[in-house]
Amino acid sequence: MAKVAYYPGCALEGSGGPYDRSTRALVKVLDLEMTNLADWNCCGAMEVKNIHPMLQTYMSARNMAIASEKMGFDTVMAPCNGCYHNLKKAEYECATSPEAMQTVQDLAQKAGDPVYKGDVRTIHLLEWLMEELGPEGVKQRISKSLNGIKIANYYGCMYTRPRQIFPEKDQGPGSESTHKPHFMDDLLAAAGAVNVDFPLKTACCGGAHTLSDSDTSTQLVLNILQAAEEAGAEVIATECPTCHSGLEMHQIRAETQFGIKTRVKILYFTQLLGLALGLSARKLAIHENVSDSLDFLHDKGVI
Amino acid sequence: MPIHEKSLIAPDQIMTSDKLVVDGVDVSGHWNTMIKPRYISDYDPDFYKTIQGYGGGENVHRCWQCGSCTNACTMYAINTDFNPRYWIYLVNLGMKDELLKDKDIIWQCVSCNKCTNICPKDVRPEGVMKALQHWLEDEGHTPKSTSTLFDEEFTRQCLERGRIEDTEVIANFFKKSGQDLVALVKNGWLGIMVARMNKWPLLKEGKIGKFLARMPITGPVKMGLMMVFKPRTKSWGNTGEVLRQYVMEQKAKAGTH
Chain A
25 MAKVAYYPGC
35 ALEGSGGPYD
45 RSTRALVKVL
55 DLEMTNLADW
65 NCCGAMEVKN
75 IHPMLQTYMS
85 ARNMAIASEK
95 MGFDTVMAPC
105 NGCYHNLKKA
115 EYECATSPEA
125 MQTVQDLAQK
135 AGDPVYKGDV
145 RTIHLLEWLM
155 EELGPEGVKQ
165 RISKSLNGIK
175 IANYYGCMYT
185 RPRQIFPEKD
195 QGPGSESTHK
205 PHFMDDLLAA
215 AGAVNVDFPL
225 KTACCGGAHT
235 LSDSDTSTQL
245 VLNILQAAEE
255 AGAEVIATEC
265 PTCHSGLEMH
275 QIRAETQFGI
285 KTRVKILYFT
295 QLLGLALGLS
305 ARKLAIHENV
315 SDSLDFLHDK
325 GVI
Chain B
313 MPIHEKSLIA
323 PDQIMTSDKL
333 VVDGVDVSGH
343 WNTMIKPRYI
353 SDYDPDFYKT
363 IQGYGGGENV
373 HRCWQCGSCT
383 NACTMYAINT
393 DFNPRYWIYL
403 VNLGMKDELL
413 KDKDIIWQCV
423 SCNKCTNICP
433 KDVRPEGVMK
443 ALQHWLEDEG
453 HTPKSTSTLF
463 DEEFTRQCLE
473 RGRIEDTEVI
483 ANFFKKSGQD
493 LVALVKNGWL
503 GIMVARMNKW
513 PLLKEGKIGK
523 FLARMPITGP
533 VKMGLMMVFK
543 PRTKSWGNTG
553 EVLRQYVMEQ
563 KAKAGTH
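These protein sequences, in sequence, are chains A and B. Numbered per my numbering, the first sequence spans residues 25 to 327. Numbered per my numbering, the second sequence spans residues 313 to 569.
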C-alpha cells in the first residue's frame, strides 16, 4: 500500500472545508494511510503564474521537496484539481527542461529550502482511490447503496489539461482518459449511482475569473448546470474545491442576476462515496455545503 | 464551430456599386463583393520578441496557424471576437494596431487550457494570452484588468506568508477594484449566498429543527479563526523575498516592467 503525503492546499483549509473533512473521513473508514504534508505552502493556484510562471513552478516544487527531503515520501496526494495540476506541471517542467530544474534548485539553495530532485510523483485523490480501492473495492465495502441517484460527473479543466503534463493518463485500459475521464464515474457507479451521459465533464466553469469576470463565469456555470439537468442528472459530483464553490456560487448568481433557476444538487464525490460506505452526512460535512441536498438525499433513501 | 474571419476585412474596404458592369458582366450590389486592397507598412517585425519576453509568450513564434486553439476556446464559444489564433497571427506579423482593436477582451481568457492541450506546435496559447494582457497593461493601452488586480493580491499574500486567506483575498480585491463589498453582501447575490450557506432561510421559514440540524459550525469557526490568525508557512523564511528578487531580475533582463 502506497504511503502518501496529504496536501490539502489553501482552498480545502478555507472555503473547501467540506471536501477536506469528507476526504479525511473517507480515508479513515477505508484504513488508508496518509500523513499531512508538513508545513506546506500554497501551490500558486491559478493566479501566481500570471505574475511569473517560475513562481508557480517553484512554489509547487517546494511542496514536493518537503515530501521527499523532510518526510521521506515519494508520493504527494492532492484532492484539489488546482494543487494537483500545479504540482504535475512543476514535475513536467523540471523533467523536460534542465534550465527550469536548475532555476528551481538554485532558488531553493538561496532561500534555504529543501531542494527538489525530481523524485516525487503527485497523484489526485481520485487516482489514489482507484489504485488502493477501485470499483471492486467499493463494491466489497459498500454498506448503503446510492440507490440509483442520477449523477453528472464533473471533472473540470485542471484534472486533464493540458494532457502533456499527465504522461500516466491515456495509457489504455485501467488508466485515466484526458479526453473522457471516468475514474469518478467508475467509483460512484460501484457505489450504486447511475451516471448520466454528461457531455460537459471537462468544460470550464470560469473558476479563474469567478470574481474578476463574474458574468462570464455565471454563463459558463449555467452551461454546466443546464446540460446536467438536460442529461437527467439530479446531482453534479465534483472533485475540485474551486469548481465546487464556483458551481454553488454561480447557481445562486444565475438566479439573482439573470432569473434562471436550476435545481440540480452539487456534492463532492467524497461525500457521495462516504455515504455509500456508511458515514453520516454530518461526518461528511454535507450540511456545510451551500447547495442544500439533505432533503433530496433523504427522499432518495440514502440518509 | 466555424471560424469567422470578418475582422480581416475592414468594413470600409468593401466596395458596392449600384450599377457596375465589368467586361459585359453586371457586378452591381453585394452579390459579387469586391474588396479594396490595402497596404500595411506600420508593422513591427520584432513585436513577437517583445511578447516572448513575457512569461507564457516564449513559444509564440512556433504557430503555424491551424486554428485549433480558437476552435477549442471556451471564450470563443461565448464571443466570436475572442480569437487566439488571429491574435497570435498579428503578433507574428507585428500588427499592433490591429491587435489593439481587441485590447479590452484579451484579459478574459479563463485559462481552461483547451488551446494548450490541443496545439500541435506547443505554442501554449493560454500563456500567450497572459503575455498579451500584461503587454497591453504595461504599455498603458488598457488599465490593469480586474484579473490582474486579483492575481497581484493573491501573489502578494503568497510571497508574504506562503499561504493565502480566502476572506483577505476577497476583501482586498474588492477594495482594489473599487467594488462595494458591503453592498454586495447587504443586497446582492453574495448576501444571499452567505445566508444560504448558513441556512438562515430555514430559520425565516420557522423550520427551527431543520435549521439546527444544518447550521454549519466547524467551517465558519475555522474561517473566522483564520481571519484573525492568518495561515502561514512557518518555514517560509526569506523564500518570498528570494522569489520577489528573482522576478525583478527576470523582468529587468527581458525588458518588461
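The beta-carbon is built from N, C-alpha and C at its ideal position, and this holds for glycine as well. Model, not experiment: these values are computed from the prediction.
Buried or exposed (CB count within 10 angstroms, at least 16 for buried), residue i
{"i": "LEU157 (chain A)", "result": "buried"}
{"i": "ASN425 (chain B)", "result": "buried"}
{"i": "ALA309 (chain A)", "result": "buried"}
{"i": "SER84 (chain A)", "result": "buried"}
{"i": "ILE315 (chain B)", "result": "At ILE315 (chain B), the pLDDT of 41 sits below 50, so the modelled position is not reliable and the matter cannot be decided from this model."}
{"i": "ALA69 (chain A)", "result": "buried"}
{"i": "LYS204 (chain A)", "result": "exposed"}
{"i": "PRO432 (chain B)", "result": "exposed"}
{"i": "LYS113 (chain A)", "result": "buried"}
{"i": "ARG48 (chain A)", "result": "buried"}
{"i": "LYS331 (chain B)", "result": "exposed"}
{"i": "LEU111 (chain A)", "result": "buried"}
{"i": "GLY302 (chain A)", "result": "exposed"}
{"i": "ALA89 (chain A)", "result": "buried"}
{"i": "ALA257 (chain A)", "result": "buried"}
{"i": "LYS546 (chain B)", "result": "exposed"}
Span separating the alpha-carbon of residue i from that of residue j
{"i": "LEU296 (chain A)", "j": "GLY40 (chain A)", "result": "16 Å"}
{"i": "GLY531 (chain B)", "j": "HIS311 (chain A)", "result": "10 Å"}
{"i": "THR362 (chain B)", "j": "ARG374 (chain B)", "result": "15 Å"}
{"i": "LEU50 (chain A)", "j": "THR294 (chain A)", "result": "7 Å"}
{"i": "THR345 (chain B)", "j": "ASN383 (chain B)", "result": "27 Å"}
{"i": "LEU235 (chain A)", "j": "SER459 (chain B)", "result": "8 Å"}
{"i": "GLU254 (chain A)", "j": "ALA564 (chain B)", "result": "52 Å"}
{"i": "GLU465 (chain B)", "j": "VAL403 (chain B)", "result": "29 Å"}
{"i": "ALA261 (chain A)", "j": "GLN250 (chain A)", "result": "14 Å"}
{"i": "PRO103 (chain A)", "j": "MET535 (chain B)", "result": "20 Å"}
{"i": "MET313 (chain B)", "j": "MET125 (chain A)", "result": "Residue placement at MET313 (chain B) cannot be trusted, given a pLDDT of 32 that sits under 50; the coordinates are not used to answer."}
{"i": "SER241 (chain A)", "j": "CYS421 (chain B)", "result": "11 Å"}
{"i": "THR207 (chain A)", "j": "MET101 (chain A)", "result": "The question names Thr, yet the displayed sequence has Phe at residue 207 (chain A). Spanning the two alpha carbons is a distance of roughly 16 Å."}
{"i": "SER167 (chain A)", "j": "LEU515 (chain B)", "result": "34 Å"}
{"i": "ILE290 (chain A)", "j": "ILE248 (chain A)", "result": "11 Å"}
{"i": "PRO186 (chain A)", "j": "LEU149 (chain A)", "result": "19 Å"}
{"i": "LEU493 (chain B)", "j": "ALA483 (chain B)", "result": "7 Å"}
{"i": "LEU299 (chain A)", "j": "VAL259 (chain A)", "result": "14 Å"}
{"i": "MET538 (chain B)", "j": "ALA132 (chain A)", "result": "28 Å"}
{"i": "GLU370 (chain B)", "j": "VAL440 (chain B)", "result": "8 Å"}
{"i": "VAL314 (chain A)", "j": "LYS225 (chain A)", "result": "21 Å"}
{"i": "LEU56 (chain A)", "j": "GLU192 (chain A)", "result": "22 Å"}
{"i": "TYR366 (chain B)", "j": "GLN188 (chain A)", "result": "22 Å"}
{"i": "TYR43 (chain A)", "j": "VAL139 (chain A)", "result": "30 Å"}
{"i": "GLN325 (chain B)", "j": "ASP335 (chain B)", "result": "22 Å"}
{"i": "GLY503 (chain B)", "j": "TYR292 (chain A)", "result": "23 Å"}
{"i": "SER353 (chain B)", "j": "MET505 (chain B)", "result": "54 Å"}
{"i": "TRP512 (chain B)", "j": "PHE523 (chain B)", "result": "7 Å"}
{"i": "THR454 (chain B)", "j": "ALA232 (chain A)", "result": "20 Å"}
{"i": "CYS67 (chain A)", "j": "TRP376 (chain B)", "result": "33 Å"}
Limits of the unbroken beta strand (DSSP E) element including residue i
{"i": "HIS148 (chain A)", "result": "145-148"}
{"i": "VAL559 (chain B)", "result": "No beta strand (DSSP E) contains VAL559 (chain B), which is instead part of the alpha helix (DSSP H) from 551-566."}
{"i": "ILE290 (chain A)", "result": "289-292"}
Range of the contiguous alpha helix (DSSP H) that encloses residue i
{"i": "LEU405 (chain B)", "result": "396-405"}
{"i": "LEU318 (chain A)", "result": "318-323"}
{"i": "MET58 (chain A)", "result": "Element bounds for MET58 (chain A): not the alpha helix (DSSP H) but the beta strand (DSSP E), 58-60."}
{"i": "TYR43 (chain A)", "result": "41-53"}
{"i": "ALA26 (chain A)", "result": "Where ALA26 (chain A) is concerned, there is no enclosing alpha helix (DSSP H), given that its DSSP letter is neither H nor E."}
{"i": "ASN65 (chain A)", "result": "Segment: none, ASN65 (chain A) is in no alpha helix (DSSP H) and carries neither H nor E."}
{"i": "ASP409 (chain B)", "result": "408-412"}
{"i": "PRO349 (chain B)", "result": "That residue, PRO349 (chain B), is in no alpha helix (DSSP H); it is neither H nor E in DSSP."}
{"i": "ALA89 (chain A)", "result": "77-89"}
{"i": "THR202 (chain A)", "result": "That residue, THR202 (chain A), is in no alpha helix (DSSP H); it is neither H nor E in DSSP."}
Contact test: residue i Cβ vs the ligand FAD heavy atom, cutoff 7 Å
{"i": "TYR401 (chain B)", "result": "With respect to the ligand FAD, the structure offers nothing, as it holds no ligand at all."}
Could you tell me which whole beta strand (DSSP E) segments of length 3 or greater appear in the stretch 432-518 of chain B? none
Secondary structure, beta strand (DSSP E): runs of 3+ residues fully inside the stretch 92-127 of chain A: 99-102
Do the stretch 473-492 of chain B and the stretch 543-555 of chain B touch if we need at least three Cβ pairs shorter than 8 Å? yes
Every unbroken beta strand (DSSP E) inside the stretch 156-191 of chain A [3 residues or more]: 174-178
Three Cβ pairs or more, each shorter than 8 Å: is that satisfied between the stretch 445-464 of chain B and the stretch 483-491 of chain B? yes
Would you call the stretch 326-343 of chain B and the stretch 388-397 of chain B in contact, with 3 or more CB pairs under 8 Å? no
Contained alpha helix (DSSP H) runs [length at least 4] in the stretch 213-280 of chain A, N- to C-terminal order: 238-254
Should the stretch 438-452 of chain B be regarded as contacting the stretch 402-418 of chain B, the criterion being three or more beta carbon pairs within less than 8 Å? yes
Count the CB pairs spanning the stretch 167-184 of chain A and the stretch 209-228 of chain A that are closer than 8 Å, and state whether there are at least three. yes
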